[in-house]
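Residue numbers (numbering that gives the first Met the number 0): 0 to 214. C-beta: ideal position from N, C-alpha, C; glycine also. Notes for the one structure printed next.
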Amino acid sequence: MKINETVVQLETTKGSHAFLVLTKQIVLIDTGMPGLAGKILTELQSLGISAREIQAILLTHHDVDHIGNAKQLQEATGAELWAPAEDVPYITGEKKRPGVKHWIEMLVRPQKPTITHLYGTDWPYRDISVLHAPGHTPGHTVFQIRDVVFTGDLFKFVLGRFRTFPALMNWDQEQAMESLASLRRLQFEWLCPSHGSPVRNGPKLQEFLAHAAKH
Ligand SMILES: [Zn+2]
0 MKINETVVQL ETTKGSHAFL VLTKQIVLID TGMPGLAGKI LTELQSLGIS AREIQAILLT
60 HHDVDHIGNA KQLQEATGAE LWAPAEDVPY ITGEKKRPGV KHWIEMLVRP QKPTITHLYG
120 TDWPYRDISV LHAPGHTPGH TVFQIRDVVF TGDLFKFVLG RFRTFPALMN WDQEQAMESL
180 ASLRRLQFEW LCPSHGSPVR NGPKLQEFLA HAAKH
């Protein structure tokens with residue numbers, strides 16, 4: 000689904016979206032559930048993008064449905080792989096998540112990618128803002144490119160309804176709510192959550208964010 004002339008939500012990543020962003024450089028935001036690398040590359044090709052044109056892959060956080068194809072896509076594209084420093088040990092498997100996320104990890108084991116760059120150090124892409132939005136995971140990160148904000152797992156927007164993640168899926172519930180509410184400080188036209196559909200700014204969205212601020 001094309002959101003505007005620079006952003007495409009990839010159809011093959013329904014369930015946990017990856018986004019193609021065509022700015023001065025070509026980047027992917029997140030990589031979807033494991034097992035989709037081939038389909039993602041085919042979709043990119045159908046959009047006129049060859050694997051080697053992807054310059055960077057930006058991970059919002061360490062969950063398996065976001066890093067699922069990072070290793071295969073990194074190999075196929077030769078792209079830089081960026082992640083938040085706090086989440087790296089969980090991506091590499093050096094640390095295990097507590098609680099329910101540990102069991103998800105046991106069931107779905109993506110191949111471990113090699114993180115080549117960390118946000119905050121020598122960020123080269125001036126037209127992409129990197130915003131620390133922790134809570135869902137310790138390093139959860141969102142991105143703004145022009146009037147589009149890629150919100151990762153701050154919330155879901157499914158079938159026209161806003162949903163927050165249950166506390167047991169969040170690393171730090173209070174922090175997650177604060178990060179969600181902090182979206183109110185941004186100027187944007189679209190929010191693109193990883194789960195569900197992109198949502199246009201308006202009274203309904205602002206009401207949802209205001210409600211999050213009260214938690
Ligand atoms: Zn997710």
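Contacting residues, own chain, Cβ-Cβ under 8 Å from residue i (five flanking each side not counted)
i    : result
V157 : H194, G195 and S196
Q205 : R183
G31  : L9, T11, T12, G14, S15, H16, A17, I39, D64, H65, G67 and N68
Contacts around residue i, its chain only, beta-carbon distance under 6 Å, and the 5 residues preceding and following it disregarded
i    : result
V222 : This structure cannot settle anything about residue 222, because the visible part of the chain is limited to 0 through 214.
H16  : Q8 and S193
I127 : F142 and I144
Cβ neighbours of residue i in the same chain (closer than 7 Å, five flanking residues each side left out)
i    : result
A166 : Q172
K155 : R162, P192, H194 and G195
Three-way DSSP call (helix, strand, coil) for residue i in this model
i    : result
P192 : strand
T150 : strand
W102 : helix
L35  : coil
L117 : strand
K155 : strand
Any non-hydrogen atom of ligand 1 within 8 Å of residue i CB
i    : result
D152 : yes
G181 : Here residue 181 is Ser; the residue named in the question, Gly, does not match the sequence. For ligand 1, not one heavy atom lies less than 8 Å from the Cβ of S181.
N101 : As written in the sequence, residue 101 is His, which differs from the Asn given in the question. No.
D64  : yes
Separation of residue j from residue i, as counted between CA atoms
i    : j    : result
A50  : K213 : 44 Å
E4   : I103 : 36 Å
M168 : H101 : 11 Å
M81  : L21  : The residue you asked about is not Met; residue 81 is Trp in the sequence shown. Going from the Cα of W81 to the Cα of L21 covers about 17 Å.
Rounded distance between the beta-carbons of residue j and residue i, thought under 8 Å
i   : j   : result
I25 : I48 : 6 Å
T76 : D29 : The Cβ separation is near 14 Å, so there is no contact.
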